[in-house]
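First to last, the sequence lines map onto chains G and Z.
Under the numbering used here, the first residue of the first sequence carries the number 8, and numbering increases by one thereafter.
Under the numbering used here, the first residue of the second sequence carries the number 41, and numbering increases by one thereafter.
A short worksheet on the structure shown next.
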Amino acid sequence: MNQDLEKLISLHDLDIMILDLGRTDILQQEVRLGLSPDMALTELTTMREQLASTIRKRWMSLYAQITARYDNAVVPVIMQRCSGCFTRLPTAVSSADDRNEQVRTCPTCGRIIYWAD
Amino acid sequence: MNRSCYCLWDVQSTDRSAAMAELLCSDPGLGEHTRELLLRALEAREHAGATLVSPGISMPHCRSLLVEDFIVILGRSRKGVPWPDEPARLIVLFVSPVKPSGPQEHMELIKHLATKISESGQKLFKARSEEELAEMLGFRLAGSGTDEPGS
Ligand SMILES: [Zn+2]
């Protein structure tokens, strides 16, 4: 898999974790378990910034543009459809051998797409 | 809670990352690359704060765009896996999907586990089988009935 694509997936997962720990209900349950979500949130935010600084500007800019429109900037392709907008992808895109070897976007919604193994 | 789970009865790994990787391997539905990226997310969460929730019990967890449905994997280690300061003899790993109802369902799963761990406490270490352990935590063992993992 393309390294930029891997980093964008990891960045997205970090953003989800940061978002979750910002929710009062999740935070309360984590505290109930004896965890320290406030500290984790600070650490995850730092990690997010560190990872973001290693991603090329063009991809960070694209990621920011997509997250301004949608909750999910990176989505898997499921049954040859973009799981963000559910549009069927062109066969040439879906069947390419190197489909995860570059950062690709859905031609319809513009979200970054990847193929799960 | 009507979810199913996988269970690894005898975790061999002796460190936290290796144990999480070993647990992820027990879900046959996860491809190699997905496992690697999930491990990265779980490691990030652990690095931000170890998830030892009770003496001997760790709960590595996150939500991730890499899964379409909930993944719950239980692991039991006889010797205990350093997590990292205290040994975890029971590992409850779960990953929730990213979907509109995801945060709410993720919260409910954490709440469910907090309740079960509080209710069962040390009895969890006395489970005699994978089925019994899963049942004590309110799950069904994948493959033991008609349900599919995550359902
Ligand atoms: Zn799309």
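For glycine and all other residues, C-beta sits at the position ideal for the given N, C-alpha and C.
If I follow the unbroken beta strand (DSSP E) through residue i, where does it start and stop?
i: G142 (chain Z); result: Where G142 (chain Z) is concerned, there is no enclosing beta strand (DSSP E), although the alpha helix (DSSP H) it sits in stretches over G142 to S160.
i: W122 (chain G); result: I119 to W122
i: P137 (chain Z); result: P127 to P137
i: P83 (chain G); result: V81 to I85
Using CA atoms only, rank isn't needed, just tell me which of the options is closest to residue i.
i: G183 (chain Z); options: Z:A58, Z:D67 and Z:E159; result: Z:D67
i: P137 (chain Z); options: Z:F179, Z:G96 and Z:L78; result: Z:L78
i: R39 (chain G); options: Z:H146, Z:D55, Z:A154 and Z:A167; result: Z:A154
i: C89 (chain G); options: G:M8, G:Y121, G:A71 and G:I62; result: G:Y121
i: D50 (chain Z); options: Z:L114, Z:S158 and Z:E145; result: Z:L114
i: I157 (chain Z); options: Z:L82, Z:W123, Z:M99 and Z:G120; result: Z:M99
Check for me: the alpha helix (DSSP H) holding residue i runs from which residue to which?
i: L114 (chain Z); result: No alpha helix (DSSP H) contains L114 (chain Z), which is instead part of the beta strand (DSSP E) from I111 to P122.
i: L69 (chain G); result: K64 to R76
i: A47 (chain G); result: P44 to A59
i: V38 (chain G); result: T31 to R39
Residues of chain Z with a CB under 9 angstroms from the CB of residue i: which are they?
i: E13 (chain G); result: H73, E76, L77 and R80
i: T9 (chain G); result: The sequence given here has Asn at residue 9 (chain G), not Thr. By Cβ distance, chain Z contributes nothing, its closest Cβ being about 11 angstroms from N9 (chain G), past 9 angstroms.
i: P82 (chain G); result: Sequence inspection shows Val at residue 82 (chain G); the Pro mentioned does not correspond to that position. By Cβ distance, chain Z contributes L105 and V138.
Give the interface partners of residue i over in chain G, defined as CB-CB distance under 9 angstroms, in chain order.
i: I111 (chain Z); result: The premise fails here: I111 (chain Z) is roughly 13 angstroms from chain G at the closest Cβ pair, so nothing lies under 9 angstroms.
Can you pull the chain Z residues whose beta carbon is under 7 angstroms from the beta carbon of residue i, in chain order?
i: R106 (chain G); result: None at all; the shortest Cβ gap to chain Z is about 12 angstroms.
Bridge partners for residue i per DSSP, in chain order?
i: R97 (chain Z); result: Note that residue 97 (chain Z) corresponds to Ile in the displayed sequence, not to Arg. Beta-bridge pairing links I97 (chain Z) to Z:S94 and Z:L130.
i: H181 (chain Z); result: Note that residue 181 (chain Z) is Leu in the sequence shown here, rather than His. Z:C45, per the DSSP bridge assignment.
i: R103 (chain Z); result: Z:S136
i: R88 (chain G); result: G:I85 and G:R95
i: T112 (chain G); result: G:I119
Identify the contact partners of residue i in chain G, using a Cβ-Cβ distance below 7 angstroms as the criterion.
i: V93 (chain Z); result: L40, G41 and L42
Excluding the 5 residues flanking residue i on each side, which residues of the same chain have their C-beta closer than 7 angstroms to its C-beta?
i: Q109 (chain G); result: N9
i: V112 (chain Z); result: R43, C45, F134 and F179
Strictly below 8 angstroms CB to CB, what residues from chain Z border residue i?
i: A103 (chain G); result: Correct list: empty, because the minimum Cβ distance to chain Z is about 16 angstroms.
i: E50 (chain G); result: H87, A88 and G89
i: E37 (chain G); result: I150
Give every residue of the same chain whose Cβ lies closer than 6 angstroms to the Cβ of residue i, excluding the five residues on either side of it in the sequence, and list them in chain order.
i: R106 (chain G); result: W122
Quick one: residues in its chain with C-beta nearer than 8 angstroms to the C-beta of residue i, no 5 flanking neighbours on either side, listed in chain order?
i: M67 (chain G); result: A59
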